[in-house]
Amino acid sequence: ATPGPTLAAPRFPETGIHAWSRADFAHEVNELASFVNTFLTYFRDDVVAAGKEGACGRVTGLFREMVVNQAAYNDDVPADWYGLYYEYRTLVAETVSTIKPIVDVCWAGGGTIPDDVDRQVIDGLTGLVAREVDLDARVQAHP
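Set out below in structure tokens:
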């Protein structure tokens with residue numbers, strides 16, 4: 005049997021491209037979980053639960069981190085790592101999609117985010133953090 009083509013991992017045109025390295029990839033995956041969890045805690049506890057206005061710099065900083073700084077890799081990802089890599093890039097894309105309603109408000113100059121959107125973002129990020137932490141553990145354990 006001839007193997008089929010590998011599904012391309014999601015990435016943004018602005019995303020930094022690195023040459024494959026197990027150590028670099030493990031670092032990027034660990035950063036992903038950490039950055040998203042830090043933002044979730046800030047948004048959930050310091051903004052929504054406290055009834056305060058959020059800082060656009062925090063959300064646009066996370067957006068930039070996801071779009072530009074969470075590395076993608078050249079076409080040299082080893083086959084035994086590709087599934088984990090694809091999952092990582094999918095989680096990055098889902099994080100961007102989840103925070104986009106807040107980013108849009110910031111880019112429009114600020115405004116109010118409806119409670120249901122706050123809840124969707126918090127719930128979405130909560131699920132993403134759990135998946136990112138799980139991926140991090142699997143990446144760190146992968147030989």
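Residue numbering for the sequence shown follows the working numbering, starting at 5 and increasing by one per position.
Quick reminder that beta carbons are idealized off the backbone N, C-alpha and C, glycines included.
Predicted, not measured: the structure shown is a model, and the values here were computed from it.
*What whole-angstrom Cβ distance do glycine 58 and phenylalanine 47 have, given they're in contact under 8 angstroms?*
7 angstroms
*Leaving out five residues before and five after valine 51 in sequence, what residues of the same chain have Cβ atoms less than 6 angstroms from its Cβ?*
Gly58
*Compute the Euclidean distance between the alpha carbons of asparagine 151 and alanine 13, then round it to the nearest angstrom.*
Here the chain comprises residues numbered 5 to 147, so residue 151 is not present and cannot be evaluated.
*Which residues in the same chain have their Cβ closer than 7 angstroms to the Cβ of tyrosine 86, if we skip the five residues on either side of it in sequence?*
Thr10
*Between which two residues does the alpha helix (DSSP H) carrying valine 103 extend?*
As written in the sequence, residue 103 is isoleucine, which differs from the valine given in the question. Start and end: 83-111.
*For glycine 72, count neighbouring C-beta atoms within 10 Å of its own C-beta (all shown protein chains included) and say buried if the count is 16 or more, exposed if not.*
Going by the sequence as given, residue 72 is valine instead of glycine. Valine 72 comes out exposed.
*Which same chain residues, not among the five before or five after arginine 135, have their C-beta less than 7 angstroms away from its C-beta?*
Leu95
*How big is the Cα-Cα spacing for tryptophan 111 and alanine 83?*
39 angstroms
_Buried or exposed by the 16-neighbour rule on C-beta atoms within 10 Å, applied to glutamine 74_ = buried
*asked:* With H, G and I counted as helix, E and B as strand and the rest as coil, what does DSSP make of alanine 76?
replied: strand
*Own chain partners of isoleucine 106 with C-beta closer than 7 angstroms, once the 5 adjacent residues on each side are dropped*: Val63, Ile117 and Val125
*Mapping DSSP to helix, strand and coil, what is isoleucine 21?*
strand
*For the alpha helix (DSSP H) containing isoleucine 126, list its first residue and its last residue.*
119-145
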